[in-house]
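Visitor: Below is a structure I'd like to ask you about.
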Amino acid sequence: MTRPSTAPARPAPDRSPADRPGAASFAAVRPAEAAHTATSAAPFDPAEGVQFLAPDGRLRRNARNEPYAAIVDALDEGTLRALYRDMAVMRRLDAEATALQRQGQLALWVPSVGQEGAQVGAGRATRAQDWVMPSYREHVIGMIRGVDFVDLLRMLRGVTHGGWDWRATHFHLYTLVIGTQALHGTGYAQGVALDGLVGTGDPARDTAVLTCFGDGATSEGDVSEAMVYAESLHVPEVFLCQNNQWAISVPTGVQAARPIADRAAGFGLRAERIDGNDVLAAYAVTRAQLDAARAGEGPGLVEAVTFRMGAHTTSDDPTKYRTRELEQAWAERDPIARYETWLRHDRDVPQTFFDEVAAFAEAEARRVREAVPALPDPDPVSMFAHVYTEPNPVTEAQAAWLADYEAGFEDEEA
Ligand SMILES: Cc1ncc(C[n+]2csc(CCOP(=O)(O)OP(=O)(O)O)c2C)c(N)n1
Ligand SMILES: [Mg+2]
Numbered sequence: 001m002t003r004p005s006t007a008p009a010r011p012a013p014d015r016s017p018a019d020r021p022g023a024a025s026f027a028a029v030r031p032a033e034a035a036h037t038a039t040s041a042a043p044f045d046p047a048e049g050v051q052f053l054a055p056d057g058r059l060r061r062n063a064r065n066e067p068y069a070a071i072v073d074a075l076d077e078g079t080l081r082a083l084y085r086d087m088a089v090m091r092r093l094d095a096e097a098t099a100l101q102r103q104g105q106l107a108l109w110v111p112s113v114g115q116e117g118a119q120v121g122a123g124r125a126t127r128a129q130d131w132v133m134p135s136y137r138e139h140v141i142g143m144i145r146g147v148d149f150v151d152l153l154r155m156l157r158g159v160t161h162g163g164w165d166w167r168a169t170h171f172h173l174y175t176l177v178i179g180t181q182a183l184h185g186t187g188y189a190q191g192v193a194l195d196g197l198v199g200t201g202d203p204a205r206d207t208a209v210l211t212c213f214g215d216g217a218t219s220e221g222d223v224s225e226a227m228v229y230a231e232s233l234h235v236p237e238v239f240l241c242q243n244n245q246w247a248i249s250v251p252t253g254v255q256a257a258r259p260i261a262d263r264a265a266g267f268g269l270r271a272e273r274i275d276g277n278d279v280l281a282a283y284a285v286t287r288a289q290l291d292a293a294r295a296g297e298g299p300g301l302v303e304a305v306t307f308r309m310g311a312h313t314t315s316d317d318p319t320k321y322r323t324r325e326l327e328q329a330w331a332e333r334d335p336i337a338r339y340e341t342w343l344r345h346d347r348d349v350p351q352t353f354f355d356e357v358a359a360f361a362e363a364e365a366r367r368v369r370e371a372v373p374a375l376p377d378p379d380p381v382s383m384f385a386h387v388y389t390e391p392n393p394v395t396e397a398q399a400a401w402l403a404d405y406e407a408g409f410e411d412e413e414a
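Under UniProt numbering, the residue at position 12 of the sequence shown is numbered 12, and the numbers go up by one with no gaps.
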């Protein structure tokens with residue numbers, strides 16, 4: 001059967017983003033000089049930000065990374081291996097979650113492939129007493145904080161509004177409303193300061209908040225307001241912006257003519273731009289920023305330049321707005337591959353370690369594959385339970401209506 005002639009032709013998947021509908025309007029608002037922040041195949045320039053590990057897996061010392069070199073040098077063997085394990089296990093679970101969504105076991109999956117370096121480095125840089133305000137893509141930071149991956153998937157299956165114990169893990173619930181968590185982070189950090197948990201000099205007591213968001217979120221008023229307020233109140237907060245080059249289909253260059261880290265000067269924040277595909281840079285810079293925040297030096301911003309290698313979510317098709325050439329250029333800057341090269345060649349980590357990690361990741365994937373389909377459905381009426389803290393006549397009426405409606409199905413079956 002032929003396609004009806006009225007149907008719009010499906011664009012070829014590999015056509016250039018410049019050819020897509022709307023490209024002309026992007027060009028109008030963002031001229032060519034923004035190319036250094038726009039999505040490009042140009043390699044990360046170490047002169048523009050902190051990088052220890054280049055894509056070839058060689059560790060380099062230079063003026064930009066020198067202030068953080070002592071932090072990298074102090075990393076013990078166990079932590080170095082943990083950084084790899086976190087990234088590799090996350091990537092395996094990413095594939096598993098995508099498969100579960102395709103099988104109808106999850107409503108949605110939000111891939112983090114390509115961003116493991118930025119996330120694992122930042123997550124491992126937190127101390128036990130710190131708090132994390134995530135957006136919706138920081139799965140591995142949650143796991144580092146002690147969240148079970150199955151609990152993360154409960155929310156993406158749609159059987160809970162939350163899914164995990166944020167009090168126990170210090171990893172707050174996901175925020176799908178872009179940028180909102182920046183305000184929550186600043187408010188929480190203000191509370192931390194009011195509790196006297198900043199600048200005491202006790203490393204087990206001084207506390208900071210790590211607030212995560214994307215490049216697109218920086219266009220939200222909430223994020224600017226959070227930064228203004230954070231600096232005015234001098235709160236112990238580190239903003240981690242993962243510039244993954246895209247806000248769904250909109251490239252960063254459309255929303256930011258200059259590097260996002262440059263904005264920090266206007267807000268009075270300490271700032272650093274880093275190669276977000278270098279887990280060592282992410283660890284060292286976030287650790288230094290969190291240390292400063294805990295010591296009472298006020299808030300900071302880290303812009304981690306990375307690339308979302310997968311789709312925005314399982315509802316998205318990136319072939320509609322970017323080229324395979326671009327994806328290939330970034331695949332060559334994979335955060336896991338360069339770190340593995342370094343561990344093998346410069347740190348003499350044996351093959352047995354990599355085999356153990358692969359076996360563990362496989363076992364985790366199997367556990368998740370079995371656990372997710374078995375997650376119980378909630379009572380539909382329970383969705384009204386936490387809308388208001390006080391009893392509310394509108395939600396009570398809606399809950400009663402739904403209970404009646406559901407009971408009707410039981411009658412039909414009888
Ligand atoms: C307030 C608000 N506006 C729009 C959306 C729709 N939306 C969902 S994700 C997204 C892009 C966010 O991009 P970015 O901040 O770069 O984060 P990333 O998804 O790349 O991690 C948008 C616009 C939303 N969820 N909330
Ligand atoms: Mg983004």
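The C-beta atom is built at its ideal place from N, Cα and C for all residues, glycine as well. Because the structure is a prediction, the values reported are computed rather than measured.
How about the stretch 273-286 and the stretch 113-127: do they share at least three Cβ pairs that are nearer than 8 Å?
Guide: Enough Cβ pairs lie closer than 8 Å, so yes.
Visitor: Apart from the five residues on each side of it in sequence, which residues of its chain come closer than 8 Å, Cβ to Cβ, to Val159?
Guide: Excluding positions up to five away in sequence, the list reads Leu375, Pro376, Asp377 and Pro378.
Visitor: Quick one: residues with CB closer than 5 Å to any heavy atom of ligand 1, in chain order, please.
Guide: Going along the chain, the residues that qualify are Arg137, Val177, Ile178, Gly214, Asp215, Gly216, Ala217, Asn244, Ala247 and Ile248.
Visitor: Should Gln398 be counted as a contact of ligand 3 given a C-beta to heavy atom distance under 7 Å?
Guide: Ligands present in the displayed structure are limited to ligand 1 and ligand 2, and ligand 3 is not among them.
Visitor: Residue 477: buried (16+ other C-beta within 10 angstroms of its C-beta) or exposed?
Guide: Given that the chain is displayed from residue 1 to residue 414, the structure contains no residue 477 and the question cannot be resolved.
Visitor: Is the Cβ-Cβ distance between Asp130 and Val209 less than 8 Å?
Guide: In this structure, Val209 lies closer than 8 Å to Asp130 by Cβ.
Visitor: Buried or exposed, going by whether 16 or more other CB atoms sit within 10 Å of the CB of Phe239?
Guide: The residue in question, Phe239, is buried, as its Cβ has 16 or more Cβ neighbours within 10 Å.
Visitor: In three-state DSSP terms, what is Val394?
Guide: Val394 falls in the helix class under three-state DSSP.
Visitor: Rounded to the nearest angstrom, what separates Asp165 and Val147 at their Cα positions?
Guide: Asp165 and Val147: Cα-Cα distance of roughly 8 Å.
Visitor: Nearest-angstrom Cα distance between Arg145 and Thr169?
Guide: Those two C-alpha atoms are separated by around 5 Å.
Visitor: Specify the secondary structure class of Val300 as computed by DSSP and reduced to three states.
Guide: Note that residue 300 is Gly in the sequence shown here, rather than Val. The answer is strand: DSSP assigns Gly300 an E or B state.
Visitor: Determine the burial state of His345: buried for a count of at least 16 other Cβ atoms within 10 Å of its Cβ, exposed for fewer.
Guide: By the 10 Å Cβ count, His345 comes out exposed.
Visitor: Buried or exposed for Ser232, please, with buried defined as at least 16 other CB atoms from any protein chain shown within 10 angstroms of its CB.
Guide: It counts as exposed.
Visitor: What's the C-alpha gap between Asp404 and Val387?
Guide: Those two C-alpha atoms are separated by around 20 Å.
Visitor: Report buried or exposed for Gly162, applying the criterion of at least 16 other Cβ atoms within 10 angstroms of its Cβ.
Guide: By the 10 Å Cβ count, Gly162 comes out exposed.
Visitor: State buried or exposed for Trp401, treating a residue as buried only when at least 16 other CB atoms are found within 10 Å of its CB.
Guide: Exposed, by the Cβ-count rule.
Visitor: Which term fits Pro299, buried or exposed, when burial requires 16 or more other beta carbons within 10 angstroms of its beta carbon?
Guide: Classification of Pro299: buried, given that the 10 Å Cβ count is 16 or more.
Visitor: Spatial neighbours of Phe171 within its chain, please: CB distance less than 6 Å, with the 5 preceding and 5 following residues excluded, ordered by chain position.
Guide: Contacts found: Val132, Gly142, Arg145 and Val147.
Visitor: Considering only the alpha carbon of each residue, which of Thr79, Glu272, Leu301 and Gly199 lies closest to Gly185?
Guide: Considering only alpha carbons, the answer is Leu301.
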